[in-house]
Amino acid sequence: MTAADKILTLAQVDAWVEAERATGHRIGFTCGAFDVMHAGHAHYLGEARALCDGLLVAVNSDESIQRYKNPLRPVNPWKERAFVVASLASCDRVTMLDEDRPLSLLVRWKPELYLKGGDYASSSLRSASAVAAYGGRTVVIPAEFGSSTTAMFERIQALAVHAAPERAPAAEPRGLVLLDRDGTLIRDAGFDPSQVELLPGVIEALRMLQSAGFRLCLVTNQQGIGIGYFGYRDFVEGNRKLLRALGEAGIAIAKIYFCPHSMGEHCTCRKPAPGMIVRALRDQNVPPDRCFVIGDSVQDMEAAQSAGCHGLYVGPSGPACPSLAIVEAARRIVEG
Ligand SMILES: [Mg+2]
Numbered sequence: 049m050t051a052a053d054k055i056l057t058l059a060q061v062d063a064w065v066e067a068e069r070a071t072g073h074r075i076g077f078t079c080g081a082f083d084v085m086h087a088g089h090a091h092y093l094g095e096a097r098a099l100c101d102g103l104l105v106a107v108n109s110d111e112s113i114q115r116y117k118n119p120l121r122p123v124n125p126w127k128e129r130a131f132v133v134a135s136l137a138s139c140d141r142v143t144m145l146d147e148d149r150p151l152s153l154l155v156r157w158k159p160e161l162y163l164k165g166g167d168y169a170s171s172s173l174r175s176a177s178a179v180a181a182y183g184g185r186t187v188v189i190p191a192e193f194g195s196s197t198t199a200m201f202e203r204i205q206a207l208a209v210h211a212a213p214e215r216a217p218a219a220e221p222r223g224l225v226l227l228d229r230d231g232t233l234i235r236d237a238g239f240d241p242s243q244v245e246l247l248p249g250v251i252e253a254l255r256m257l258q259s260a261g262f263r264l265c266l267v268t269n270q271q272g273i274g275i276g277y278f279g280y281r282d283f284v285e286g287n288r289k290l291l292r293a294l295g296e297a298g299i300a301i302a303k304i305y306f307c308p309h310s311m312g313e314h315c316t317c318r319k320p321a322p323g324m325i326v327r328a329l330r331d332q333n334v335p336p337d338r339c340f341v342i343g344d345s346v347q348d349m350e351a352a353q354s355a356g357c358h359g360l361y362v363g364p365s366g367p368a369c370p371s372l373a374i375v376e377a378a379r380r381i382v383e384g
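For my numbering, add 48 to where a residue sits in the sequence shown, where the first one is 1.
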């Protein structure tokens, strides 16, 4: 049987459960995101399989992970996560868990064993009582290897920073430049995050700033997320295109600060509020008088002023708003 053959719809699992029961097999059930598979996962699934005759693994859908874990996760889409799980000898069948908790699936199939990895001991209590109610048993398998996806991400990030020392920002930057994104670095495409078109002069300006010793970050309002016009993943995908285009020109962005809220949420991060800028100053350890905000809107300038930073306006010219080209803005910062 191939890995793809092991991946079943809920209705197909109904038939599989029935066939397993008919041959007297004890069914084990477990669930999880299995986003970036590590030794801890493989160990726990192996132990789970040893306790039953057939192991069914419900892999969380992308949407359920975004709801209960993190709107930026998963790293890998469901189709690929399910395929990796199904490729393990310990896993007999794989299906989708589209809810935040497995309760309805447990009640549907009434597996003899409900198996959970060690770090889930406390969160599975409610499901455990439902399992006990139909005569099943919950078994918590202690974690082995101490591996965690979060720890892996941190190590990958650290390695990436050390792998490119020529691009690592100087320990003590000359200053910090906070760049608005839409209308400043890329053409403002409204609520279409897939459109990433660098504006004229951006590469030249950012190169000038970077080689003069300034650290570069993005500070961007993304109300489209809060209103629901697009998702976190669309926004990250757009940024990936932008970072690649800048990276090809040797330009590194140290961090992206973004506000996902709609205007109606009255947050403290959405420009003209200074929240994102204040956070960037703290994270990057740069005093406000050595911080410059480049933006194409009055809100960018108000946020800079509220945080005590210098604002450089590169938007459309108006009677009250003398505008600069972005290259000219960079030159003024560099020349002090
Ligand atoms: Mg803008």
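Beta carbons are placed, not taken as given, at the ideal position from N, Cα and C, and that holds for glycine.
Should residue i go down as buried or exposed, given a rule of 16 or more other Cβ atoms within 10 Å for buried?
i      : result
LYS127 : exposed
ARG141 : buried
ALA296 : Rather than Ala, the amino acid found at residue 296 in this sequence is Glu. Label assigned to GLU296: exposed.
MET200 : exposed
GLY165 : buried
ALA216 : Bear in mind that a pLDDT of 47 at ALA216, under 50, signals an unreliable position, so the number given afterwards is only what the model happens to contain. Its Cβ having fewer than 16 others within 10 Å, ALA216 is exposed.
GLU214 : At GLU214 the pLDDT is 46, less than 50, meaning the model places this residue with poor confidence and gives no usable figure here.
PRO190 : exposed
LEU360 : buried
ALA67  : exposed
PRO125 : exposed
ILE55  : buried
ARG97  : buried
What did DSSP end up calling residue i once you bin it into helix, strand or coil?
i      : result
ASN287 : helix
HIS25  : Residue 25 lies beyond the range of the chain shown here (49 to 384); nothing can be said about it.
MET144 : strand
VAL362 : coil
ASP337 : helix
ASP282 : helix
TYR92  : helix
ALA106 : strand
GLY80  : strand
GLY165 : strand
ILE301 : coil
ARG185 : strand
ARG263 : strand
GLN332 : helix
GLY274 : helix
THR197 : helix
VAL225 : strand
PHE306 : strand
ASP236 : coil
LEU154 : helix
ALA212 : Confidence is the limiting factor: at ALA212 the pLDDT is only 48, short of 50, which leaves the residue's position unreliable, though a coordinate-based value still follows. DSSP places ALA212 in coil when its eight states are reduced to three.
Answer yes or no: do residue i and residue j have a C-beta to C-beta separation smaller than 8 Å?
i      : j      : result
ALA373 : VAL362 : yes
LEU103 : CYS79  : no
SER195 : HIS86  : yes
VAL341 : ASP348 : yes
LEU136 : LEU93  : yes
ALA180 : VAL155 : no
ASP143 : THR57  : It should be pointed out that residue 143 corresponds to Thr in this sequence rather than to Asp. A contact, by the Cβ cut-off of 8 Å.
GLY274 : SER242 : no
PRO221 : ARG263 : yes
GLU160 : SER112 : no
LEU224 : LEU233 : no
ILE304 : GLN258 : no
VAL65  : ILE75  : yes
Would you grab the beta carbon distance between residue i and residue j for me? Rounded to a whole angstrom, and I think it's under 8 Å.
i      : j      : result
ALA355 : PRO336 : 6 Å
VAL133 : PHE193 : Wrong, their Cβ atoms sit about 17 Å apart, outside the cutoff.
ALA377 : ALA253 : 7 Å
Determine, using beta carbons only, whether residue i comes closer than 8 Å to chain D.
i      : result
TYR162 : The chain labelled as chain D is not found in the depicted structure, where only one protein chain is given.
field: the region 259 to 278 in contact with the region 316 to 336 per 3-pair CB rule at 8 Å
entry: yes
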